[in-house]
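Residue numbers (full-length UniProt numbering), protein chains in the order written: chain A, 1 to 536; chain B, 1 to 399; chain C, 1 to 365.
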Amino acid sequence: MFFGPLIRAKKKQKKKEIVHELGFQEDKQPLERDLDRMVDRIKQELGNSPDVIVRTFQIGSSPLIQVAAIYIEGLTDIEKVNDFVTHSLLFEQKENELPQSNDPHCMFDVILSRALTVGDAKYLNDWNVMMHALLSGDIAVFVDNCEGSIIGNLRGGERRGVTAPETEVNIRGPRDSFNESIGTNVSLIRRRLKSPNLWLESMRVGNITQTDVSIMYLKGIAEDRLVEEVRRRLKDIRIDAILESGNIEDLIQDQTYTPFPTIYNSERPDVVVGNLLEGRIAVLVDGTPNTLILPTTFSQFFKAAEDYYQRVEFTVFMRLIRYFGFFVVMLLPSMYIAVTTHHHEMIPTLLAINLLAQREGVPFPVFFEAFLMEAAFELMREAGTRMPRAVGQAVSTVGAIVLGQAAVEAGIVTAMMVIVVSFTGIASFTLPGFTLTTSARLIRFPMMLAASTFGFYGIFMCTILIVAHLTSLRSFGIPYLSPFAPFGFKRQKDTLWRSPFKTPATRPGLIGPRQETSLQKDGVPSSDQNDQTSEG
Amino acid sequence: MTLKTGFLMLMILCMLPLAGCWNYREMNELAIALAMGVDKLGEDEYRFSFQVVNARDISGIKATGRIPVNVFSGKGRTLFEALRKASQKVPRRINAQHMRVFIIGEELAREGIEELFDFMERDPEPRLTTRVIIARDSDAETILKTVTAVESIPANAILGKLKVSGRVLAESYEVEMDDVIRGLLTKGGGPVISGIRHVGKVKSGEKISNVEQTELQTDLFTSGMALFKNGKLAGWVKGRQARGISWINNKVKSTIVNLDCETKKDALAIEILRSNTKIKGEVKGERPLIRIQIEGIGVVGEAMCPVDISKSAEIRKLEQLWNEETAHDVMAAVKTAQKLKTDVLGFGAAVERANPKAWKKMEKDWDEIFPTCKVEVNVESTIRRTGMISKPFLLKEKK
Amino acid sequence: MEKAKISPGQLFTLIVLFDLGTAVLRVLAMSAGKDAWLAILLGTAGGLAIFGVYASLFRLYPELPLTGYIRAILGKWIGWPLGLLYILFFIHGAARDLREGGALLLSSVMDQTPLIVANAVMILSIVYVLNKGIEVLARTGQIFIFILAVLGLLSIFLLFAAGVIDINRLLPVLGNGLGPVIQTTFKQTIEFPHEEVICFAMLLPYLNHRKMGIRAGFAAVLISGIILSFSTALNMAVLGIDIAGRSTFPLLSTIRLINIGEIIQRLDVFVVLTLIIGDFFKVAIFFYAGVLAAADLFRINDHRKLVLPIGVIILFMSMMISGSFIEQIEEGDVLLVTVFLFFGVLVPIFLLAAAGVRKWFGSNP
């Protein structure tokens, strides 16, 4: 609610500083020595789930060594298990005998160094870590009478491939988007940013889900304080489940009760990379293509990825259109109400006569009419989203054409109202950051209420309140409305306006002037046009 | 505490729509009056008339084609009373915010319009941009009741006639409410207001059948301008005098000046494209001298006599003729104004601009001084083009 | 005290919004006739001098607000009651402007709405913003001054395009000599709106760059004076001196005259927006100055506690302050040269003198 911040203004959040490495960590538990007991324990722990596959075999010749490989069906790539684990251990070892060793640890060393052909494998002697690895899709290899295990990364199984982005569509520019695998997502970013300064930190969040969460940033460009703050807030999360980045967003945002999103999210790697270069931090969450980008400012929601690939003039024009679209969504219906119910004198005469002609015989007051139509529109939009793809088309046809047309013909609503509502609807699709549109859509309704009570006075007072609310918001310490308020002339290069890349390049300073100078000192490869020309 | 505050705020928010929508007025609760008229009936009784538009009959796909406006009127001893009395006849609230023309009956104009404009300026509904017209030789209600052609809404038709004839002919010009108010406050002067005349039978003009013929039996047309003195109509000017007033008040946008040829009278027509007038005052002794400087640019629009306008010498002659014609118009207007003793020409203001101290002395007696003002007219006109052809073919025939 | 900081740019914004506030809607200095604009310009010079006094006091006591250094200079026994009077002064100022804005709003676009409702909406919004602190107010100002600038420039352009400006209506300059101009300057334009800037004496300690802040303050006073002068001249050139002088809301009358081809017309909304924004910031700053003064005098750490109660006081005071709009304006003219003059000019000059004397004798405690 809008007044939420006011109410909670005094409440100070007490945050305990707890050092908590992995979020779930308990005491370190060594593994069993006895293979059978080991296997039984694992099976028991996972409730004898049938998708836990245990493959036991013997290697070596004298004596034969009892070995078990455990993995979870579907999470681990079975082909690779066959090729790199069973095959390498069973067949290759037939020819060259394994050197004997009575030292239990030594056995693992031998297997690791001479037998196993898995690329990413390591020795591990910790029950919890081993279980987590197993559940993440790794394979665990146990040896009888040896304490510990070898964890091999053979994660695989069915995953969605890298496809074209579905929500952030563009005409020019790359067509790849993130998928649900955090590894793929990280690689998509790394592929674009071949810098040693691209640092990645990983942690697990969610007591039960143990979701992998990574933060990525450019060392030397992103402010250390900011990185520290993000790390701290992530570590402070106490929750059972993280299913999507939205959960993280909710937990780490600065202000909970606000209709405006203070953290940006994107499914486009190029957007994320662009933001990393501006000193922002990306938070990747396993299991979702939506990557969080923070800190976020209001103007960010009006920037499409394409803005940086298109010509400057066109970009500026499109941005103005988007801002216009935002205000249309927020204000047009209420403006219409205000003008037709309070300020008849502000309508040009001929239009007034036309409107009057339309209004004749319409049974509902304008406010109710507007509310009805806007609600109907939201209804149709929601139906269109939830509807199975195949019938989606039908909904929009029925909704838009049949319903609208029929309502006008029947004289229940005016044609002008239909125009206003559809214009609002169309305008709501102009913003690339879809989240901000939802804010505007929400605010529209109280605005309409204010307009019908006080006319323009109500609208303008609401606008002042909204602007005040926006200026009071912060995203990780950055004022939400910067660089408009607090105003920074030098930082206007990428807001309403985008300067061409040729203009003397400083980064669109997000936090302060620090990165502009430190860049050169640290020798971080820069994305600036200047540097590019000098290189090539 | 915080919860309470939030609850309070929520309560206030919820109360707002319940408490009442004070200014909430649906469009279809309004009767939009596009034109209004005021007449004086006998002693101290006013009649307010409104031309209310029937929106449904003229706009949108469901337009019926019935008569587009209705006229309602109310009588009262004060203007406000007359206005409110009219509500007995109109089913909706009369809204004057879209009033385009405001018509004053000639009788009322002769008796004085100052009280009227006090009322009009006080009321927040009428806009200062509303055009004011005097119903010449008739009352305002008759004008309002007349159905017009081409523009189906008579108010728009009147406005259109006023506008277009003002722009191409310059024998009248649009006068807005603020011009009238300023005029009324001029020392020793008054506003100039265009007139509209009703021609034909009154009754036949009230029916839609009036416009169901190619030539209207009853119609309205702009006619001359009314000069006011101390808020009262002092006299009418028309034709070239009226144009002279337009020249002096710098309202000429375009007009046609007829010039004589060597032999033929009024054989050449010059279309004026642009003109600019400056008035300068000067005080020497008792009588102020007013210098009127007019610059004009025009083209030859018509040549019904053999004159070789491809020669610059000829052009210069024509320009000279044009200058004289214009000066003649202007002097005619000045003479009329001086005869009526009303400074509608802004001479007083010119004197004040030139010599504020002298004006202080003259201000009281301006009524007497104004008619004795000496006036110098200086016209500088340029003929820019000669139309699509240079020599008229009459010239060839002659040879 | 709040830890918030405002930048010189933000101070500039707030002063301009405050100065223009309700003043830009009216035609000021009518007693100077056609030379009102000149009187306003001369008044601005006086306004700069007044701001100079505030700035010098601020330089002497950069950490303290007005009520703080009153006590430092005059001692607790005189300083505290004087500070109390200042609280009343600020609250009264807020109430007057609230009333004025509400009355203009009602007379122009909302004739059927009860005044108290319109005022309550305004004061509640201000309470909400002030609860968020000076930073939010300043940043909100930065957004709205931009909107005002765009509206202003657009209106000027449209007025020229519509051809309703007649410079002749402003001539002759100094037709009645310098006398009335000087008189008006001293009686009205120095005082209004410049002496109300005393509110900022409460806000100056929040500045993050003192030197630049003071410069920005001078610039703001100067620029708002120029804008006021220009808008008054514009109103007169469009409406003529008589209509402009008699109109309760000349800016609205002026904008209403814009009519370009019957299409671009009826731009009343520009003026309504200007009115609302101007009034909002004017009331908000008076209000905030009052809150800060009260918090300072009564040693209340969290001044936000005071916002709602003082807001309610202002609301009811605005209803009781005068019987009608005419009374309000008449009272205003009297108050301008008495109460406002006393608190806005005389006391600060006296304080500066007293501080100077103290420093001279080296007895600064």
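Just so it is clear, CB atoms sit at the ideal spot from N, CA and C, and this is done for glycine as well. Just so it is clear, the structure is predicted and the values come from calculations on it, not from any experiment.
Quiz item: Beta carbon of residue 295 of chain A, beta carbon of residue 248 of chain A: below 9 Å?
Solution: no
Practice problem: Find the residues of chain B that neighbour residue 112 of chain C, judging by a C-beta separation of less than 8 Å, and give them in chain order. | Solution: 22 and 23
Quiz item: Where does residue 17 of chain C fall in DSSP's three states?
Solution: helix
Quiz item: When you compare only the Cα positions, how much space is there between residue 106 of chain B and residue 99 of chain B?
Solution: 20 Å
Quiz prompt | C-alpha distance - residue 341 of chain B paired with residue 373 of chain B, whole-angstrom precision | solution = 11 Å
Quiz prompt | Straight-line gap, residue 193 of chain B to residue 159 of chain B (C-alpha atoms, nearest Å) | solution = 13 Å
Practice problem: Just mark residue 261 of chain C as buried or exposed, buried being the case when its beta carbon has 16 or more other beta carbons within 10 Å. | Solution: exposed
Self-check item: Reference residue 94 of chain C; option with closest CA among C:286, C:131 and C:237
Solution: C:286
Quiz item: How would you write the range of the beta strand (DSSP E) that residue 291 of chain A sits in, first residue to last?
Solution: 291 to 294
Quiz item: residue 129 of chain C versus chain A: which residues are under 7 Å apart at the beta carbon?
Solution: 468
Quiz item: Using the beta-carbon count (16 or more within 10 Å), is residue 10 of chain C buried or exposed?
Solution: buried
Exercise. Return the CA-CA distance between residue 371 of chain C and residue 336 of chain C, expressed in angstroms with no decimal places.
Key: No answer is possible for residue 371 of chain C: it lies beyond the span of chain C, which begins at 1 and ends at 365.
Quiz item: Going along the chain, which unbroken runs of the alpha helix (DSSP H) with 4 or more residues stay wholly within the region 242 to 276 of chain C?
Solution: 250 to 256
Quiz item: Cβ atoms of residue 44 of chain C and residue 293 of chain C: under 9 Å apart, would you say?
Solution: no
Quiz item: Since residue 175 of chain B and residue 191 of chain B are thought to touch, with beta carbons under 8 Å apart, how far apart are those beta carbons, to the nearest angstrom?
Solution: 7 Å
Quiz item: Secondary structure at residue 22 of chain B, three-state DSSP: helix, strand or coil?
Solution: coil
Practice problem: Work out the CA separation of residue 447 of chain A and residue 416 of chain A for me, nearest whole Å. | Solution: 19 Å
Quiz prompt | Expected contact under 8 Å - CB spacing of residue 283 of chain C and residue 110 of chain C to nearest Å | solution = That belief does not hold up - the Cβ atoms of residue 283 of chain C and residue 110 of chain C are roughly 17 Å apart, past 8 Å.
Quiz item: What whole-angstrom Cβ distance do residue 292 of chain A and residue 221 of chain A have, given they're in contact under 8 Å?
Solution: Actually they are not in contact, since the Cβ atoms of residue 292 of chain A and residue 221 of chain A sit about 18 Å apart, beyond 8 Å.
Quiz item: Using DSSP with H/G/I as helix, E/B as strand and the rest coil, what is residue 173 of chain B?
Solution: coil
Quiz item: Taking buried to mean at least 16 other C-beta atoms within 10 Å of its own C-beta, is residue 127 of chain A buried or exposed?
Solution: buried
Quiz prompt | chain C contact residues for residue 464 of chain A, given Cβ-Cβ distances below 8 Å | solution = 125, 129, 140, 144, 276, 277 and 280
Quiz item: So, using beta-carbon positions, are residue 371 of chain C and residue 49 of chain C closer together than 9 Å?
Solution: Summary: the structure shown does not reach residue 371 of chain C, with chain C confined to residues 1 through 365, and so no result is reported for it.
Quiz item: Expressed to the nearest angstrom, what Euclidean distance is found between the alpha-carbon atoms of residue 381 of chain B and residue 268 of chain B?
Solution: 15 Å
Quiz prompt | Meets three-Cβ-pair contact criterion under 8 Å: the region 444 to 462 of chain A and the region 362 to 382 of chain A | solution = yes
Quiz item: So who's on the other strand from residue 212 of chain A, going by DSSP bridges?
Solution: A:204
Exercise. Look at the Cβ atom of residue 300 of chain B, then the Cβ atom of residue 369 of chain B, and state whether they are nearer than 9 Å.
Key: no
Self-check item: Terminal residues of the beta strand (DSSP E) in which residue 236 of chain B lies
Solution: 232 to 237
Practice problem: Measure the C-alpha to C-alpha separation of residue 25 of chain A and residue 235 of chain A and round it to an integer number of angstroms. | Solution: Residue placement at residue 25 of chain A is poorly supported in this model, since its pLDDT is 47, which falls under 50; the coordinates still yield a value, given next. For residue 25 of chain A and residue 235 of chain A, the distance between alpha carbons rounds to 12 Å.
Self-check item: Continuous alpha helix (DSSP H) stretch holding residue 120 of chain B: start and end
Solution: 114 to 122
Practice problem: Please go through the region 229 to 283 of chain B and give each complete alpha helix (DSSP H) segment of 4 or more residues, from N-terminal end onward. | Solution: 239 to 248
Quiz item: Mind checking whether the beta-carbon of residue 382 of chain A lies closer than 8 Å to any heavy atom of the ligand SAM?
Solution: With respect to the ligand SAM, the structure offers nothing, as it holds no ligand at all.
Quiz item: Any beta-carbon of chain B closer than 9 Å to the one on residue 321 of chain C?
Solution: no
Quiz item: Between residue 266 of chain B and residue 323 of chain B, what straight-line distance do the alpha-carbon atoms span, to the nearest angstrom?
Solution: 15 Å
Quiz prompt | Own chain partners of residue 315 of chain B with C-beta closer than 7 Å, once the 5 adjacent residues on each side are dropped | solution = 309 and 383
Practice problem: Could you spell out the range, first to last residue, of the alpha helix (DSSP H) harbouring residue 136 of chain A? | Solution: 127 to 136
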